[in-house]
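Below is one structure, written out as structure tokens, with a few remarks after it.
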Amino acid sequence: MIARFPGLTPTRSRAVVHDDIVLTVAVAPDPVTSSMYEQTAKALARIDESLALCGSDKSKILSAIVYVADIKQKGEMNRAWDEWVDIRNPPMRACLGVELEPPHIVEIVVTAAK
Amino acid sequence: MIARFPGLTPTRSRAVVHDDIVLTVAVAPDPVTSSMYEQTAKALARIDESLALCGSDKSKILSAIVYVADIKQKGEMNRAWDEWVDIRNPPMRACLGVELEPPHIVEIVVTAAK
Amino acid sequence: MIARFPGLTPTRSRAVVHDDIVLTVAVAPDPVTSSMYEQTAKALARIDESLALCGSDKSKILSAIVYVADIKQKGEMNRAWDEWVDIRNPPMRACLGVELEPPHIVEIVVTAAK
């Protein structure tokens, strides 16, 4: 049984649930700030929303892959992450510097349990 | 129970199945075109082949991570994606600009259900 | 049921187990060599440790995503990979050039069965 939650375009889903696993991705929604801290906080808030749609929440996140457009700003991303994360249930996480489509400077892919 | 399908080199698999989950990766097979649209279409065709080997198909894809060598060509990748995707069953997808080993300019990692 | 194994910082886990799936990430631990071959070998040894903590081992790896800071050094990464991998049970693998936080030049994300 697979459930799909619509994204911004019809050819992709915002989140997909299969059995008890949730896969979701987020960037900061419009209007997009140029601050790494703020974009990260907004992307994480959107992850919260998507997890809620799927019947999950951040305490059940298994892994997060955080893509940033500038690895030198990892500290600012971390600041938003550390304020947001469920400290009793920290996910596995990797942070990687990649090219993202402007104006986005952070994109987060999450695997969670339901 | 884990099933593995051989890739181009003996130290990696083209696809791996565990329970009802399929993990597979593809680039465009040789001969490699320099067009993002064509490489993407060929990589997606190879994903179709791998999913079929594993008893799955594109309607059951949960997530796709698309790595491109030039994020400015994301539009051309999207064109191939939009023609290929099962519109009734859109996966979660992220697209990231990374360095790939030439001549490849697109590589796609897929998680699917069986 | 989710089990989490502490990482270097309290807001992330070194490995997470959910049902019979293990998610883990590793870089070379300190002191960090500047050699791609040695960093990869040490990161893979750390993957071995994490899998053991979780009741798994390299024969059960489903997929590995290998992030390198310089795709031109993929050959040196491969040399360490090929010496380490369980040749009877090769994982699906992708290798991508990204920006990593110095002094790290390789980071590996693994999904395994228990």
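Protein chains in written order, with my numbering: chain A, 1 to 114; chain B, 1001 to 1114; chain C, 2001 to 2114.
No residue lacks a Cβ here, since even glycine has one placed at the ideal position from N, Cα and C.
Just to confirm the assignment, what range does the beta strand (DSSP E) spanning residue i have?
| i | result |
| --- | --- |
| THR111 of chain A | 106-113 |
| GLY1097 of chain B | 1092-1097 |
| LEU100 of chain A | That residue, LEU100 of chain A, is in no beta strand (DSSP E); it is neither H nor E in DSSP. |
| ILE2065 of chain C | 2061-2068 |
What does residue i pair with, by DSSP beta-bridge criteria?
| i | result |
| --- | --- |
| THR1024 of chain B | B:ALA1015 and B:VAL1110 |
| PRO10 of chain A | In DSSP, PRO10 of chain A forms no bridge with anything. |
| ILE1087 of chain B | For ILE1087 of chain B, which the question treats as bridged, DSSP gives no partner whatsoever. |
| ALA2003 of chain C | C:VAL2017 |
Taking the alpha-carbon positions, what's the residue i to residue j distance?
| i | j | result |
| --- | --- | --- |
| MET1077 of chain B | PRO2006 of chain C | 39 angstroms |
| ILE1043 of chain B | VAL1027 of chain B | In the sequence under discussion, the amino acid at residue 1043 of chain B is Ala, which differs from the Ile named in the question. Approximately 5 angstroms, taken between the alpha carbons. |
| SER2059 of chain C | VAL32 of chain A | 44 angstroms |
| THR1111 of chain B | LEU2062 of chain C | 11 angstroms |
| VAL2016 of chain C | GLU107 of chain A | 21 angstroms |
| ASN1089 of chain B | ILE1047 of chain B | 16 angstroms |
| ASP1020 of chain B | ALA1113 of chain B | 6 angstroms |
| ALA45 of chain A | PRO29 of chain A | 10 angstroms |
| VAL22 of chain A | THR40 of chain A | 20 angstroms |
Which term fits residue i, buried or exposed, when burial requires 16 or more other beta carbons within 10 angstroms of its beta carbon?
| i | result |
| --- | --- |
| LYS2072 of chain C | exposed |
| SER2056 of chain C | buried |
| ILE1087 of chain B | exposed |
| LEU8 of chain A | exposed |
| PRO2091 of chain C | buried |
| GLU1099 of chain B | buried |
| GLU1083 of chain B | exposed |
| GLY2097 of chain C | buried |
| ALA3 of chain A | exposed |
| ALA2052 of chain C | exposed |
| SER1050 of chain B | buried |
| SER1034 of chain B | exposed |
| MET949 of chain B | Only positions 1001 to 1114 of chain B appear in this structure, which leaves residue 949 of chain B out of reach. |
On the DSSP letters alone, give me the boundaries of the alpha helix (DSSP H) that residue i sits inside.
| i | result |
| --- | --- |
| LYS2058 of chain C | LYS2058 of chain C -> no alpha helix (DSSP H), and no H or E assigned at all. |
Of the residues that make up the stretch 1085-1103 of chain B, which ones have a beta carbon closer than 7 angstroms to any beta carbon in chain A? VAL1085, ILE1087, ASN1089, PRO1090, PRO1091, MET1092, ARG1093, ALA1094, LEU1096, GLY1097 and VAL1098
Where the stretch 1061-1084 of chain B meets chain C: residues whose CB sits under 7 angstroms from a CB there: TYR1067
Chain-ordered residues of the stretch 8-19 of chain A with a beta carbon less than 9 angstroms from chain B: THR9, PRO10, THR11, ARG12, SER13, ARG14, ALA15, VAL16, VAL17, HIS18 and ASP19
Taking only beta carbons into account, state which residues of the stretch 2028-2054 of chain C come closer than 8 angstroms to chain B, listed in chain order. none
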